[in-house]
Amino acid sequence: MNDHRPRLDEHTLHRVLRASGIDPAEVTSRTELTGGTFNTAYRIRTSGGGFVLKVAPSPDSPRMTYERDLMSTETAFYRAAHGHAVVPEVVHADFTRQVVPSDFLLMTELPGDNATTLTAPERAALRGELGRVVAGLHEVTGTGFGYPQLGLAPTWREAFAAMVDAVLADAARFGVALPLPAEEVAASMGKRADLLDEVERPVLVHFDLWDGNVLAHGGKVTGLVDGERAFWGDPLAELVSPALFGDIDHDRDFLAGYGAAPFTPSARRRLAMYRAYLYLVMLVEAAPRQYTGPGHEKGQSLVREHLTIQLAALG
461 MNDHRPRLDE
471 HTLHRVLRAS
481 GIDPAEVTSR
491 TELTGGTFNT
501 AYRIRTSGGG
511 FVLKVAPSPD
521 SPRMTYERDL
531 MSTETAFYRA
541 AHGHAVVPEV
551 VHADFTRQVV
561 PSDFLLMTEL
571 PGDNATTLTA
581 PERAALRGEL
591 GRVVAGLHEV
601 TGTGFGYPQL
611 GLAPTWREAF
621 AAMVDAVLAD
631 AARFGVALPL
641 PAEEVAASMG
651 KRADLLDEVE
661 RPVLVHFDLW
671 DGNVLAHGGK
681 VTGLVDGERA
691 FWGDPLAELV
701 SPALFGDIDH
711 DRDFLAGYGA
721 APFTPSARRR
731 LAMYRAYLYL
741 VMLVEAAPRQ
751 YTGPGHEKGQ
761 SLVREHLTIQ
771 LAALG
């Protein structure tokens with residue numbers, strides 16, 4: 461993997477902190493957080509509390525269409541979700557690129573570790589609470605559909621079609637081989653587009669709620685983080701990433717906490733569309749991020765397999 465993420469020297473970090481209203485003299489420690497693959501992130505501890513700083517890659521680094529101005533979306537997500545779900549509080553965000561030549565976001569640090577560190581029984585005990593947290597998130601509604609940084613559409617059908625078109629164009633631009641020709645993928649996704657007209661209310665969707673983006677501490681969910689993939693859309697789309705490569709229908713605790721009704725045939729087809737879209741994103745993003753190695757190849761094979769399954773499910 462060719463890591464394009466910027467690193468901040470101490471002088472630059474102090475400039476960022478001062479721009480955010482934090483006195484660098486109060487910093488007691490800083491640690492780079494290495495789990496991400498797009499932004500650079502630091503945990504910063506001060507005598508007054510803890511913060512997380514995220515710095516976007518250079519604006520001219522290769523990226524997918526939806527990844528343009530991605531930090532503005534993450535910032536908007538936290539601000540919109542605040543008071544409805546457990547998310548970090550935005551301390552300062554700067555998109556002028558004058559303090560550093562990239563966007564940056566400083567937010568409060570939340571307690572806990574991500575759910576990948578939990579034992580299986582600990583994780584299972586939290587699924588119902590996670591469902592309730594996500595239900596709170598979906599109380600937040602917007603004025604249109606789609607990615608906020610790309611402009612909102614008046615209908616979910618129009619927004620989702622643009623999202624699919626963009627990821628297929630990205631696949632062509634980066635030379636990513638799909639399991640089917642792009643035209644066939646588009647036809648499969650478009651075949652059931654009329655079902656999207658059932659979605660009339662644009663809710664705030666995180667769209668990346670795998671265990672690594674869910675914080676937990678003391679048997680409680682303490683935060684939803686990394687909201688950079690967020691969009692305004694169908695709440696059903698949220699139910700894909702918590703059951704990545706699986707079926708949320710098997711997670712009874714999560715669904716009970718969320719308050720989900722039994723899935724109708726229409727809802728199941730929409731879920732297949734959203735799974736296919738997420739797998740397309742996962743397949744294509746590997747190219748601009750220049751992932752390499754046996755682990756990458758194995759992961760890509762798994763994504764292709766599940767993408768093919770979801771496209772077939774659309775019939």
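Each number in our numbering corresponds to the 1-based position in the sequence shown with 460 added.
Beta carbons: idealized from backbone N, C-alpha and C, even for Gly.
Note that the structure is a prediction, hence the values are computed from the model and not measured.
>> Based on DSSP bridge pairs, tell me the residues matched to V550.
In response: The residue given as residue 550 occupies position 90 in the sequence shown. DSSP output for V550 lists M567 as bridge partner(s).
>> Between which residues of its own chain and L566 is the CB-CB distance below 6 angstroms, once the five residues before and five after are set aside?
In response: For the purposes of this step, residue 566 is taken as residue 106 along the sequence shown, with counting starting at 1. Counting only Cβ-Cβ distances below 6 angstroms, and skipping sequence neighbours, we find S480, F511, L513, V551 and H552.
> Would the stretch 650 to 660 and the stretch 614 to 622 be scored as touching if the rule is three or more Cβ pairs under 8 angstroms?
Replying inline: yes
> Alpha carbon to alpha carbon, how far is V476 from V665?
Replying inline: Here residue 476 corresponds to residue number 16 of the sequence shown, with the count starting at 1. Here residue 665 corresponds to residue number 205 of the sequence shown, with the count starting at 1. When rounded, the distance between both Cα atoms is 29 angstroms.
> Helix, strand or coil: how does DSSP classify D625 here?
Replying inline: Counting from one through the sequence shown, the residue named residue 625 turns up at place 165. Of the three classes helix, strand and coil, the one that applies to D625 here is helix, per DSSP.
> Whole alpha helix (DSSP H) runs in the stretch 468 to 537 with 4 or more residues, listed along the chain?
Replying inline: 470 to 479
>> Quick check: what's the CA-CA separation for S489 versus R505?
In response: Against the sequence shown, residue 489 aligns to sequence position 29. Against the sequence shown, residue 505 aligns to sequence position 45. When only Cα atoms are considered, S489 and R505 end up about 5 angstroms apart.
> According to the neighbour-count rule (16 or more other Cβ atoms, all chains shown, within 10 Å of its Cβ), is P548 buried or exposed?
Replying inline: Against the sequence shown, residue 548 aligns to sequence position 88. With 16 or more Cβ atoms within 10 Å of its Cβ, P548 is classed as buried.
>> Short of 6 angstroms in beta carbon distance, which residues of its chain neighbour Y734, apart from the five on each side in sequence? Order them along the chain.
In response: Along the sequence shown, read from residue 1 onward, the residue named residue 734 stands at position 274. Counting only Cβ-Cβ distances below 6 angstroms, and skipping sequence neighbours, we find A697 and V700.
>> By DSSP's criteria, G687 is part of a beta bridge. Which residues make up the other side?
In response: The residue given as residue 687 occupies position 227 in the sequence shown. G687 is not bridged by DSSP to any residue.
> With which residues is H677 paired in a DSSP beta bridge?
Replying inline: Here residue 677 refers to the residue found at position 217 when the sequence shown is read from its first residue. In the DSSP output, where bridge partners are listed per residue, H677 has K680.
> Cα separation between M461 and F555?
Replying inline: For the purposes of this step, residue 461 is identified with residue 1 of the sequence shown, where counting begins at 1. For the purposes of this step, residue 555 is identified with residue 95 of the sequence shown, where counting begins at 1. With a pLDDT of only 42 at M461, under the threshold of 50, the placement of this residue in the model should not be trusted, and no figure is reported.
> Which residues bound the alpha helix (DSSP H) around L586?
Replying inline: Sequence index remark: in the sequence shown, residue 586 carries index 126 (1-based). A580 to L597 is the extent of the alpha helix (DSSP H) around L586.
> Roughly how many angstroms separate the alpha carbons of R689 and G606, rounded to a whole number?
Replying inline: Looking up residue 689 in the sequence shown gives position 229. Looking up residue 606 in the sequence shown gives position 146. So the alpha carbons of these two residues sit roughly 11 angstroms apart.
> Under a three-way DSSP split, which group does W670 fall into?
Replying inline: Taking the first residue of the sequence shown as 1, we reach residue 670 at position 210. Coil.
> Secondary structure at F605, three-state DSSP: helix, strand or coil?
Replying inline: Stepping through the sequence shown from its first residue, residue 605 is reached at position 145. Correct three-state label for F605: strand.
> Under three-state DSSP, which class holds V645?
Replying inline: As a position in the sequence shown, residue 645 is number 185, starting the count at 1. Per DSSP, reduced to three states, the secondary structure at V645 is helical.
> Which of helix, strand or coil does DSSP assign to M461?
Replying inline: To locate residue 461, count along the sequence shown from 1; it is residue 1. Bear in mind that a pLDDT of 42 at M461, under 50, signals an unreliable position, so the model cannot answer this.
>> So, for R557: in the same chain, excluding its five sequence neighbours on each side, which residues have a beta-carbon less than 8 angstroms away from its beta-carbon?
In response: Indexing the sequence shown from 1 puts residue 557 at position 97. Contacts found: P519 and D563.
>> Quick check: what's the CA-CA separation for R764 versus W670?
In response: Locating residue 764 in the sequence shown gives position 304, where the first residue counts as 1. Locating residue 670 in the sequence shown gives position 210, where the first residue counts as 1. Approximately 19 angstroms between the Cα atoms of the pair.
> Hey, out of L610, L570 and L774, whose CA is closest to Y737's CA?
Replying inline: In the sequence shown, counting from the first residue as 1, residue 737 sits at position 277. When only C-alpha atoms are compared, the closest one is L774.
> Got a sec, what are the start and stop residues for the alpha helix (DSSP H) V665 sits in?
Replying inline: For the purposes of this step, residue 665 is identified with residue 205 of the sequence shown, where counting begins at 1. Per DSSP, V665 belongs to no alpha helix (DSSP H); it is in the beta strand (DSSP E), V663 to V665.
>> Applying the 10 Å Cβ sphere with the 16-neighbour rule, what's the burial state of G508?
In response: The sequence position of residue 508 within the sequence shown is 48, counting from 1. By the neighbour-count rule (16 or more Cβ atoms within 10 Å), G508 is not buried but exposed.
>> Using DSSP's beta-bridge definition, name the partner residues of H756.
In response: Against the sequence shown, residue 756 aligns to sequence position 296. Beta-bridge pairing links H756 to no other residue.
> If we count the other Cβ atoms within 10 Å of its Cβ and call it buried at 16 or more, is L493 buried or exposed?
Replying inline: Here residue 493 is taken as the residue at index 33 of the sequence shown, counted from 1. When all chains shown are included, L493 counts as exposed.
> Do the CB positions of L570 and T682 come within less than 8 angstroms of each other?
Replying inline: Here residue 570 refers to the residue found at position 110 of the sequence shown. Here residue 682 refers to the residue found at position 222 of the sequence shown. In this structure, T682 lies closer than 8 angstroms to L570 by Cβ.
>> Going by DSSP in three states, A747 sits in which element: helix, strand or coil?
In response: By 1-based counting over the sequence shown, the position of residue 747 is 287. Correct three-state label for A747: coil.
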